[in-house]
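Trainee:
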Amino acid sequence: MFDPPRCPHRNCPRFRHPRPGFYRRHGSYRPGCRSHAVPRFLCKSCGRTFSRQTFRMDYRDHRPDLNARLFQLLASGLGLRQSARLVGLSQRCTELKFRKLARHLRYLNSNVRGPFPREIRFQLDELETYETRRSTRPLSVPVLIEAETRFVVWAESAPIRPRGNMPEARRRAIAEEDRRLGRRRDRSRRSLIRTLARGARLVRDHERVVLETDEKSSYGPLARKAFGAERLDHRRTNSKLPRTTWNPLFPINHTEAMARDLMGRLRRESWLVSKQRRYLDLGLAVFAAYRNFVRRRFNRDRASPAELLGIVPRRLRWGELLGWRQDWGRRSVPLLGLDRSGAAARATSA
Ligand SMILES: [Zn+2]
6 MFDPPRCPHR NCPRFRHPRP GFYRRHGSYR PGCRSHAVPR FLCKSCGRTF SRQTFRMDYR
66 DHRPDLNARL FQLLASGLGL RQSARLVGLS QRCTELKFRK LARHLRYLNS NVRGPFPREI
126 RFQLDELETY ETRRSTRPLS VPVLIEAETR FVVWAESAPI RPRGNMPEAR RRAIAEEDRR
186 LGRRRDRSRR SLIRTLARGA RLVRDHERVV LETDEKSSYG PLARKAFGAE RLDHRRTNSK
246 LPRTTWNPLF PINHTEAMAR DLMGRLRRES WLVSKQRRYL DLGLAVFAAY RNFVRRRFNR
306 DRASPAELLG IVPRRLRWGE LLGWRQDWGR RSVPLLGLDR SGAAARATSA
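For the sequence shown, our numbering begins at 6 and goes up steadily by one.
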């Protein structure tokens, strides 16, 4: 039997401060897409009703039964069009579902909280890609992982200025776009700061933090600021070293290769320019959730990265990531739910 942990209406006092017995039962309803009845509840404080479904990620979804399948396809390198064909949804519907799934997964990733129960070795790198047009709209994507477990802490994209070879035609194209869209600003520093801050939140109480990067000069000051100079052990590797398994940065290089492999189809020519980067970020959220919770660390392993870090007790199935909604931050029901006493099974919001 489901026990509502709080009132789901954000402006009700019982949302922030639920009390035992704040609700009473209020019948049930039988949704068209499910065979069993869903119980309804009435909040005694605000007088509004809600159901178990209000706490679920697929609240108000059309065809919730297809969500897990779509998540599988989108996390496996397939584009939206092909995914739409395979699950039998319209392209528009698939796109909306992708956005909702991905936003949910992004909340889920950011609800992961420390302190991590073990020694942490972070690796940071930036991969380069682009939105719509390779020659004029490059992006930098900082990726932060925990190297032992391969847990993806954070990844997001930032616009950067075009650089490299500048033949006349390219120079003209850049000038033309700058005129039309406004000068393309370099936002990579800001997104690096945000990404490092995600990592810092997970190791607040650690006495020592190891961070491994290449020798890019801006990493040092930013990392000292994020983690604190006195406890940071920053190890640098020359990026000209061969990128073999012996390279100290192999874990991050390997993660980036996997991300490219599983997300290549997300950058689609048909998307509106202003929306491009946002969708890449949503794709990154899908990748990170799959990598952290569903996939084994290595093929020979049984455990997922999140399991190895003690965030969840076992490797999760695709559908299990799409259970409780995660958009309430620490007030969300933890990934694997609550037991009768209201305690969390150790999961994202624990
Ligand atoms: Zn209420």
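Each residue gets a CB set at the ideal place from its N, CA and C atoms; glycine is no exception.
1) Using 8 Å as the threshold, is the C-beta distance between V208 and A80 below it?
2) Would you list, in sequence order, the uninterrupted beta strand (DSSP E) runs of no fewer than 3 residues that lie entirely inside the stretch 206-258?
3) Spatial neighbours of S95 within its chain, please: C-beta separation below 8 Å, excluding the five flanking residues on both sides.
4) Which residues are close to ligand 1, meaning CB closer than 7 Å to any heavy atom, in chain order?
5) So what's S88 in DSSP terms, helix, strand or just coil?
6) Can you tell me the Cβ-Cβ gap for P143 and A160, rounded? I've got them flagged as a contact below 8 Å.
7) State the Cα-Cα distance for the pair A293 and G84, rounded to the nearest angstrom.
8) CA-CA distance, P23 and G93?
9) Would you give the residue range spanned by the alpha helix (DSSP H) that Q58 belongs to?
10) For K102, count the other beta carbons within 10 Å of its own beta carbon; 16 or more makes it buried, fewer makes it exposed. Which is it?
11) Nearest to H67 by alpha carbon, out of P36, V43, A234, S40?
12) Should T200 and L149 be called a contact, given that it needs their Cβ atoms to be closer than 8 Å?
13) Once DSSP output is grouped into helix, strand and coil, what is the label at R336?
14) Buried or exposed: which applies to S309, given that a residue is buried once 16 or more other Cβ atoms fall within 10 Å of its Cβ?
15) Does the distance from the C-beta atom of R53 to that of H14 stay below 8 Å?
16) Helix, strand or coil, according to DSSP, for L47 in the structure here?
17) So what does DSSP say about T134, is it helix, strand or coil?
18) Just grab the DSSP bridge partners of I125 for me.
19) What three-state label does DSSP hand G328 in the structure shown?
20) Check whether the stretch 177-185 and the stretch 123-143 are in contact - that is, three or more C-beta pairs closer than 8 Å.
21) Can you name, in chain order, every residue of its own chain whose Cβ lies under 8 Å from the Cβ of N359, other than the five neighbours on each side?
22) Rounded to the nearest angstrom, what separates F76 and R283 at their Cα positions?
23) Along the chain, where does the beta strand (DSSP E) that runs through A73 open and close?
24) Taking buried to mean at least 16 other C-beta atoms within 10 Å of its own C-beta, is I198 buried or exposed?
25) Taking P120 as part of the alpha helix (DSSP H), name the residues at either end of that continuous run.
26) Just how far apart, CA to CA, sit E217 and F46?
27) So, under 8 Å CB-CB, R155 and T260 are touching, yes? Tell me the CB distance rounded to an integer number of Å.
28) Give me, in chain order, the residues of the same chain whose beta-carbon lies closer than 7 Å to that of R11; leave out the 5 immediate sequence neighbours on both sides.
29) How big is the Cα-Cα spacing for N16 and F55?
30) Ignore the nearest five residues each way along the sequence and tell me which others in K49's own chain have a CB closer than 7 Å to its CB.
31) State buried or exposed for A174, treating a residue as buried only when at least 16 other CB atoms are found within 10 Å of its CB.
32) When you compare only the Cα positions, how much space is there between R206 and R118?
Mentor: If we stick to the structure as given:
1) On the sequence shown, residue 208 is found 203 positions in, with the first residue counted as 1. On the sequence shown, residue 80 is found 75 positions in, with the first residue counted as 1. No, the Cβ-Cβ distance between V208 and A80 is not below 8 Å.
2) Listed in chain order, the complete beta strand (DSSP E) runs (minimum 3 residues) inside the stretch 206-258 are 214-219, 237-242.
3) By 1-based counting over the sequence shown, the position of residue 95 is 90. Residues A89 of the same chain have their beta carbon placed closer than 8 Å to that of S95, with the five preceding and five following residues left out of the count.
4) Checking every Cβ against the heavy atoms of ligand 1 under 7 Å gives C12, H14, C17, R19, F20, C48, S50, C51, R53.
5) For this step, residue 88 is matched to residue 83 along the sequence shown. Residue state, collapsed to three classes: helix.
6) Taking the first residue of the sequence shown as 1, we reach residue 143 at position 138. Taking the first residue of the sequence shown as 1, we reach residue 160 at position 155. Contact doesn't hold; Cβ gap of about 16 Å is too wide.
7) Taking the sequence shown and counting its residues from 1, one reaches residue 293 at position 288. Taking the sequence shown and counting its residues from 1, one reaches residue 84 at position 79. Approximately 17 Å between the Cα atoms of the pair.
8) Within the sequence shown, residue 23 is the residue found at index 18, counting from 1. Within the sequence shown, residue 93 is the residue found at index 88, counting from 1. The straight-line gap from Cα to Cα measures roughly 41 Å.
9) Here residue 58 refers to the residue found at position 53 when the sequence shown is read from its first residue. Looking at the DSSP string, Q58 is not in any alpha helix (DSSP H), and its letter there is neither H nor E.
10) In the sequence shown, residue 102 corresponds to position 97, counting from 1. When all chains shown are included, K102 counts as buried.
11) Counting from one through the sequence shown, the residue named residue 67 turns up at place 62. Scanning P36, V43, A234, S40 for the CA closest to the CA of H67 turns up P36.
12) In the sequence shown, the residue the question calls residue 200 occupies position 195. In the sequence shown, the residue the question calls residue 149 occupies position 144. Result yes, Cβ atoms of T200 and L149 sit closer than 8 Å.
13) By 1-based counting over the sequence shown, the position of residue 336 is 331. Of the three classes helix, strand and coil, the one that applies to R336 here is helix, per DSSP.
14) Mapped onto the sequence shown, residue 309 falls at position 304. S309 comes out buried.
15) For the purposes of this step, residue 53 is identified with residue 48 of the sequence shown, where counting begins at 1. For the purposes of this step, residue 14 is identified with residue 9 of the sequence shown, where counting begins at 1. H14 sits close to R53, with the two beta carbons spaced by under 8 Å.
16) The count along the sequence shown starts at 1 and reaches residue 47 at position 42. Under the three-state reduction of DSSP, L47 is assigned to strand.
17) Residue 134 sits at position 129 when you count from the first residue of the sequence shown. In the structure shown, T134 sits in a strand (DSSP, three-state: E or B).
18) In the sequence shown, the residue the question calls residue 125 occupies position 120. Note: I125 is not bridge-paired with any residue in the DSSP secondary-structure output.
19) Within the sequence shown, the letter at position 323 stands for residue 328. DSSP, read as helix, strand or coil, puts G328 in coil.
20) Because the criterion of three Cβ pairs below 8 Å is met, the stretch 177-185 and the stretch 123-143 touch.
21) An answer regarding residue 359 cannot be provided, because it is not within the stretch 6 to 355 covered by the chain.
22) Numbered from its first residue, the sequence shown carries residue 76 at position 71. Numbered from its first residue, the sequence shown carries residue 283 at position 278. The straight-line gap from Cα to Cα measures roughly 18 Å.
23) On the sequence shown, residue 73 is found 68 positions in, with the first residue counted as 1. Under the DSSP assignment, A73 falls outside any beta strand (DSSP E), being part of the alpha helix (DSSP H) whose first and last residues are 72-79.
24) On the sequence shown, position 193 is the one that residue 198 refers to. Counting other Cβ atoms within 10 Å of its Cβ, I198 stays below 16 and is therefore classed as exposed.
25) Along the sequence shown, one-based indexing puts residue 120 at 115. Unbroken run through P120: none, as it is neither H nor E.
26) For the purposes of this step, residue 217 is identified with residue 212 of the sequence shown, where counting begins at 1. For the purposes of this step, residue 46 is identified with residue 41 of the sequence shown, where counting begins at 1. Distance from the CA atom of E217 to the CA atom of F46, rounded to whole angstroms, is 51 Å.
27) Sequence index remark: in the sequence shown, residue 155 carries index 150 (1-based). Sequence index remark: in the sequence shown, residue 260 carries index 255 (1-based). Cβ atoms of R155 and T260 come within 8 Å of each other, at about 6 Å.
28) Within the sequence shown, residue 11 is the residue found at index 6, counting from 1. The beta carbon of R11 sits closer than 7 Å to the beta carbons of R19, F20, P23, R336 from its chain, once the five residues preceding and following it are set aside; these are given in chain order.
29) Here residue 16 corresponds to residue number 11 of the sequence shown, with the count starting at 1. Here residue 55 corresponds to residue number 50 of the sequence shown, with the count starting at 1. Spanning the alpha carbons of N16 and F55 requires a straight line of approximately 14 Å.
30) Working through the sequence shown from its first residue, we reach residue 49 at position 44. Scanning its chain for C-beta atoms nearer than 7 Å, with the 5 sequence neighbours on each side dropped, one finds around K49 the residues F27, Y28, R29, in chain order.
31) Taking the first residue of the sequence shown as position 1, residue 174 is located at position 169. Exposed.
32) Within the sequence shown, numbered from 1, the residue matching residue 206 stands at position 201. Within the sequence shown, numbered from 1, the residue matching residue 118 stands at position 113. Rounded to the nearest angstrom, the two C-alpha atoms are 7 Å apart.
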